[in-house]
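Numbering (the UniProt record's numbering), first residue to last: 1 to 146. Positions of the beta carbon are idealized from the N, C-alpha and C atoms, including for glycine. Worksheet for the structure shown next.
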Amino acid sequence: MAVKEDLVKMLNRGIELEYSARIQYLAHAEKIKGPYSEKIVERLKEIASDELKHEEMFRNLIANYLNGSVSMKLEAVHDATSDKEIFEVNLKGEKDAIDFYKQIYQKALEGKKELQYEYETIEHELRHIIIDEQEHVVELSLLLGL
Ligand SMILES: [Fe+2]
Ligand SMILES: [Fe+2]
Numbered sequence: 001m002a003v004k005e006d007l008v009k010m011l012n013r014g015i016e017l018e019y020s021a022r023i024q025y026l027a028h029a030e031k032i033k034g035p036y037s038e039k040i041v042e043r044l045k046e047i048a049s050d051e052l053k054h055e056e057m058f059r060n061l062i063a064n065y066l067n068g069s070v071s072m073k074l075e076a077v078h079d080a081t082s083d084k085e086i087f088e089v090n091l092k093g094e095k096d097a098i099d100f101y102k103q104i105y106q107k108a109l110e111g112k113k114e115l116q117y118e119y120e121t122i123e124h125e126l127r128h129i130i131i132d133e134q135e136h137v138v139e140l141s142l143l144l145g146l
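In structure tokens:
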């Protein structure tokens with residue numbers, strides 16, 4: 001089943017993006033200092049906890065719905081120093097993730113007929129994750145004053 005194999009590959013790249021995003025948010029959260037830092041740190045850690053949920057969703061799809069093997073690799077991570085740079089680098093990461101998840105969504109849609117017992121679950125989970133990432137875009141944009 002070509003579609004399933006393609007989806008496993010793409011979802012594995014997705015889980016690698018999630019691992020890296022979570023690590024990056026948690027490391028960046030420790031760099032935020034100053035009088036307004038508490039709320040910002042809280043926000044970054046909250047986003048990191050969403051990324052953890054996404055990892056779990058991807059793992060479930062890969063292993064239980066598509067009979068695939070779950071990646072343990074990481075995508076590239078990007079360091080940043082100033083608060084502004086931290087928000088910018090993560091905002092870019094969120095947008096890149098959304099672009100890629102929409103490609104996965106499209107792939108699943110194209111393969112719908114071959115996914116008789118999986119499609120709606122895959123579609124639902126991907127939609128949920130994309131909506132969360134869009135929320136992260138809004139939150140980071142607000143922190144940047146955009
Ligand atoms: Fe995510
Ligand atoms: Fe995110």
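Buried versus exposed, by CB contacts within 10 Å (16 or more), residue i
i, result
"Val138", "exposed"
"Leu146", "exposed"
"Tyr69", "Note that residue 69 is Ser in the sequence shown, not Tyr. Classification for Ser69: exposed."
"Ile131", "exposed"
"Glu118", "buried"
"Gly34", "exposed"
"Glu135", "exposed"
"Leu143", "buried"
"Leu44", "buried"
Cutoff 7 Å; reference residue i; Cβ partners in own chain excluding five residues on either side
i, result
"Glu16", "Ser71, Lys73, Leu74 and Glu75"
Length of the line joining the Cα atoms of residue i and residue j
i, j, result
"Met10", "Glu114", "17 Å"
"Phe100", "Ala27", "24 Å"
"Tyr65", "Glu5", "12 Å"
"Lys31", "Tyr105", "35 Å"
"Lys84", "Ser20", "20 Å"
"Gly111", "Glu120", "12 Å"
"Gly42", "Val89", "The sequence shown places Glu at residue 42, rather than the Gly named in the question. Whole-angstrom Cα-Cα distance: 18 Å."
"Leu140", "Glu123", "26 Å"
"Asp50", "Gln116", "29 Å"
Cβ of residue i within 8 Å of any chain C Cβ
i, result
"Val89", "The displayed structure is made up of one protein chain only, and chain C is not part of it."
Residues near residue i in its chain [Cβ-Cβ closer than 6 Å; skip 5 each side]
i, result
"Gly14", "Phe58"
"Ser37", "none"
"His54", "Glu18 and Ile129"
"Ala48", "Arg22, Tyr25 and Leu26"
"Glu133", "Glu94, Ala97 and Ile98"
"Ile62", "Val8, Leu11, Gly68 and Val70"
Cutoff 8 Å; reference residue i; Cβ partners in own chain excluding five residues on either side
i, result
"Lys107", "Val3, Asp6, Leu7 and Met10"
"Asn60", "Glu125"
"Lys102", "Ile130"
"His127", "For the sequence presented, residue 127 should be read as Arg rather than His. Tyr105, listed in sequence order."
Task: Completely contained alpha helix (DSSP H) runs for the UniProt domain "Ferritin-like diiron" (1-146), where each covers 4 or more residues - done: 2-29, 37-60, 83-110 and 119-143
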